[in-house]
Amino acid sequence: MLIEDKLYQKIYTKLNKNIIEITNSKRTIVNEAVKDLVEGGGKKLRPFLMFLAASFGDDYDKDKLIQLGSGIELLHMASLVHDDIIDDADLRRGKESAQKKFGKKEAVFIGDFLLSKTFDIFFDYLDIDVLKKMNKHLRLLCEGEIEQSEKRYELQIGVRDYYRRIRHKTALLFALSSYLGGYVSGIRGKKLNILYKLGLEIGMAFQIQDDLLDFEGDENNTGKVLARDLKEGIVTLPVILLMGKNEYNDKYQIYNKNVLDESVVNDIITDVKESDVLKESREILLVFIKRVEKYMDRLPNNRAKKKLKKLIELQVDRKF
175 MLIEDKLYQK
185 IYTKLNKNII
195 EITNSKRTIV
205 NEAVKDLVEG
215 GGKKLRPFLM
225 FLAASFGDDY
235 DKDKLIQLGS
245 GIELLHMASL
255 VHDDIIDDAD
265 LRRGKESAQK
275 KFGKKEAVFI
285 GDFLLSKTFD
295 IFFDYLDIDV
305 LKKMNKHLRL
315 LCEGEIEQSE
325 KRYELQIGVR
335 DYYRRIRHKT
345 ALLFALSSYL
355 GGYVSGIRGK
365 KLNILYKLGL
375 EIGMAFQIQD
385 DLLDFEGDEN
395 NTGKVLARDL
405 KEGIVTLPVI
415 LLMGKNEYND
425 KYQIYNKNVL
435 DESVVNDIIT
445 DVKESDVLKE
455 SREILLVFIK
465 RVEKYMDRLP
475 NNRAKKKLKK
485 LIELQVDRKF
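Taking the working numbering, I'd label the letters of the sequence shown as residues 175 to 494.
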């Protein structure tokens, strides 16, 4: 588990059990796919963030939060199943991906099944205004994925484009998680907005750290092939910063918008590791961590705030 914390471990265990129960299906492959995803060790950061955000309110309902946290995690799981189809990925969290194990068509339906379960939960626990907000975020998430697909192998994209893309495809789901936790516990107004922005900045930091791990991580820990994003044409922050330097921009300009062969990918990996772009990427990560801390400073002191601070410390140093 990511966090040596009793609350986190308790939530983690309950979520896994609840997800297995609410997705139980007559179709064996659905149950197998969910079991693989659960046993693959997803970190459950988004539901945990929801619980911590709820701790700042006056109406803390653990049973309701477990259901909503399961909904958030199912939404995330559905996006992972669909991502693996698009990327033709063989592995997910160290296990065979659904599309590899069961076939692409079946995996599409598995992802859709998980989405349907997500909305079952949200319809039961959220009012119409929050449902509309959630649906808007889901639409933006899809647009982020579409933008990423459209810009595959485009080496000369800008940092601002990258920020917009990861805000949509990753950070908004973190923001929605902290918002929902605050909302269902009775928080409104400025305090709810702080929780939303806190989640957004945590999500941005999370994705940047993921992009660093794509080059620095241990494959046994991450469950992913190193530089997998680059190999699939997804240009992340270290590569963007590399291409922002004239010598590397000139070197690789001929490959812009073209599928990269193995030798070019290996050259880029070497240049990323031998240049200072990983250091620059980590400095940018710390900028977003500072933003998180700014919003945390505006929250009242309690046990949840201490756990949030610990979560952020682990975020900077995590290896998977």
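Positions of the beta carbon are idealized from the N, C-alpha and C atoms, including for glycine. As the structure is a prediction and not an experimental result, all values here were calculated from the model.
Could you check whether residue j and residue i sit closer than 7 Å to each other, using their CB atoms as the reference points?
i	j	result
Leu-239	Leu-482	no
Asp-286	Ser-271	no
Asn-432	Tyr-327	yes
Ile-284	Val-304	no
Tyr-336	Tyr-353	no
Val-409	Ile-340	no
Ile-368	Arg-472	yes
Met-417	Leu-329	yes
Gly-355	Ala-228	yes
Lys-209	Tyr-186	no
Lys-291	Thr-202	no
Arg-266	Gly-215	no
Asn-205	Ser-199	yes
Excluding the five sequence neighbours on either side, which residues of its own chain have a C-beta within less than 8 Å of the C-beta of residue i, listed in chain order?
i	result
Leu-312	Leu-249
Leu-315	Ser-253, His-342, Lys-343, Leu-346 and Leu-347
Phe-297	Leu-305
Asp-264	Glu-270, Ser-271 and Lys-274
Looking only at its chain, what residues have a beta carbon closer than 7 Å to the beta carbon of residue i, apart from the 5 residues adjacent to it on each side?
i	result
Phe-348	Arg-220, Leu-223, Gly-373, Leu-374, Ile-376, Gly-377 and Phe-380
Lys-275	none
Asp-445	Leu-416 and Tyr-422
Asp-301	none
Asp-491	none
Val-333	Ile-414
Lys-278	Ile-259
Going by CA-CA distance only, name the one from the options that's closest to residue i.
i	options	result
Asp-233	Gly-363, Ile-382, Asn-423 and Tyr-357	Tyr-357
Leu-459	Gln-489, Thr-444 and Arg-201	Gln-489
Ile-382	Asp-301, Leu-181, Ser-455 and Lys-306	Ser-455
Asn-440	Thr-202, Val-413 and Ile-463	Val-413
Gly-231	Ile-463, Val-451 and Lys-365	Lys-365
Lys-447	Asn-475, Glu-390 and Asp-491	Glu-390
Ala-401	Ile-302, Lys-188, Leu-434 and Ile-320	Leu-434
Ala-207	Met-251, Ile-320 and Glu-321	Met-251
Glu-321	Asn-309, Arg-338, Leu-300 and Val-333	Arg-338
Asp-237	Met-470, Tyr-299, Lys-279 and Lys-310	Tyr-299
Asn-420	Val-438, Ser-449 and Ser-437	Ser-449
Ile-194	Gln-183, Glu-247, Asp-235 and Tyr-182	Glu-247
Gly-360	Asp-235, Lys-425 and Leu-181	Asp-235
Lys-453	Lys-310, Lys-468, Met-470 and Asp-385	Asp-385
What residues in its chain sit with their C-beta under 6 Å from that of residue i, if we drop five residues either side in the sequence?
i	result
Asn-190	Val-212
Glu-487	none
Gln-273	Asp-258, Ile-259 and Ala-281
Ile-295	Gln-241 and Gly-245
Gly-407	Arg-326 and Tyr-327
Asp-403	Asp-388 and Thr-410
Asp-261	Glu-406
Gly-243	Leu-189, Pro-221 and Met-224
Continuous alpha helix (DSSP H) assignments of at least 4 residues falling wholly in the stretch 409-460
411-417, 420-426 and 436-448
Report the residue ranges of all alpha helix (DSSP H) runs contained in full by the stretch 256-287; include only those spanning at least 4 residues, in chain order.
272-276
Sequence ranges, beta strand (DSSP E) only - wholly within the stretch 202-253, length at least 3:
none
In chain order, each alpha helix (DSSP H) run of at least 4 residues that lies wholly inside the stretch 328-404
333-340, 346-358, 363-390 and 393-396
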